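Take 65 as the starting number for the sequence shown in the numbering used here and just add one per residue.
The C-beta atom is built at its ideal place from N, Cα and C for all residues, glycine as well.
Given the structure is predicted, the values throughout are model-derived calculations rather than measurements.
Single-structure report; data block below.
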Amino acid sequence: MIRYVLSALLLAAPAVAQTPAGVPEPLRGAWFGPDCTAPESMLFVTPRAAVTLPMEGAARMLRFVEIRDRAPWTIGTGRGAEAPRLALRAEGEGLVTAAPSAKTRDDRLPGEAATETWRRCPGQPAAFAAMHGEGLAFLGALERLEAACTGPADACIAALVAVGDVSGDGALGTAEIARLLRGAAWVMAAQEGGDGETLAAANAAGAISGLLAAHALVGSLDYDGDGKLSVAELRQDRGALPMVVGDAAGRPFRTETVTDGAGFLRSLIEGMMGSR
């Protein structure tokens with residue numbers, strides 16, 4: 065179950081080296097266009113991704129496997145046969161972006177690609193926050209998980225608890241785990257270019273399946289019975305390989321035909337009973 069959850073949370077992770085600095089800090093965050101009075105689209109930029117979320121139409125998410133500085137542009141390249149790119153540059157208090165064709169050379173950006181201007185809005189539109197806030201929060205958390213999970217398992221598990229711990233008690237409750245899984249569902253739908261209705265449906269489906277998975281995860285790993293998962297519980301038998309312990313005496317029980325964990329346990333109990 066823990067493997068399922070970690071797989072769901074890291075499903076979108078490009079396993080390649082990244083420029084540590086990522087997208088420059090001033091270019092990150094929420095941008096809106098064409099204006100703040102009645103914005104029709106939002107661009108959200110993280111250190112290693114950019115996602116365009118129009119009120120009408122398909123989302124476009126690029127998770128950058130490479131980020132280069134070609135002043136005045138910052139160029140993020142996504143994964144795929146055509147290596148899609150997004151060029152970003154600051155312009156006054158705004159942001160200008162261009163999506164150049166695959167044939168355009170970096171030194172000729174943006175080439176013939178149309179540019180789009182984005183603005184910061186003093187009060188972020190409530191509709192965008194309600195529709196996408198949880199998913200975008202997870203996108204940032206996913207990047208932190210990717211950075212932590214390149215090393216020891218302990219660091220990865222600690223990062224999982226850190227990004228999911230809304231209450232600040234150092235553990236993950238059922239609602240906090242379900243929130244992470246809803247965010248993962250949103251990221252999957254956005255990566256596939258889903259529109260607003262599709263993203264909302266993914267959130268709704270993720271809410272149901274995420275809650276079921278969260279209950280199952282807590283039920284299977286909550287060893288102290290407090291209703292939450294601590295770092296210690298998550299890393300139990302996973303942070304490091306166990307010492308070689310056992311006993312040379314005895315003979316193996318018959319488990320050759322067992323196909324699942326419950327069957328294995330039943331066979332083990334029957335073997336113990338039969339060995340008396």
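Asked                                                                                                                                                                  : Found
CA-CA distance, ARG132 and LEU150?                                                                                                                                     : 11 Å
Quick check on the DSSP output: the beta strand (DSSP E) that includes LEU236 runs from which residue to which?                                                        : 235 to 237
Return the chain-ordered list of same chain residues with a C-beta closer than 6 Å to the C-beta of CYS220, the five sequence neighbours on each side being excluded.  : ALA212, CYS213
Whose C-alpha, out of ARG127, LEU298, ASP286, ILE241, is nearest the C-alpha of ALA114?                                                                                : ARG127
Report the three-state DSSP secondary structure of PRO136 (helix, strand or coil).                                                                                     : coil
Starting from THR262, follow the alpha helix (DSSP H) in both directions and report where the run begins and ends.                                                     : 260 to 285
Between which two residues does the beta strand (DSSP E) holding GLY158 run?                                                                                           : 158 to 162
Beta-carbon within less than 8 Å of GLU198's beta-carbon, same chain only, minus the 5 sequence neighbours each way: which residues are those?                         : ARG243, ARG246, GLY247, TRP250, ASN267
What first and last residue would you give for the alpha helix (DSSP H) that runs through ALA223?                                                                      : 217 to 228
Tell me ILE131's beta-bridge partners as DSSP assigns them.                                                                                                            : GLY140
Let me know the secondary structure DSSP gives VAL109 once reduced to three states.                                                                                    : strand
Just to confirm my understanding: we take ALA162, look at its own chain, exclude 5 residues before and 5 after, and list those with CB closer than 6 Å. What are they? : ALA151, PRO174, ALA177, THR179
Out of curiosity, what's the CA-to-CA distance linking GLY93 and ALA201?                                                                                               : 11 Å
With DSSP collapsed to three states, give me the class of MET195.                                                                                                      : helix
Under the rule that 16 or more other beta-carbon atoms within 10 Å means buried, what is TYR68, buried or exposed?                                                     : Low confidence applies to TYR68: its pLDDT is 48, below 50, so where it sits in the model is not reliable, and the reading given next is rough at best. Result: exposed.
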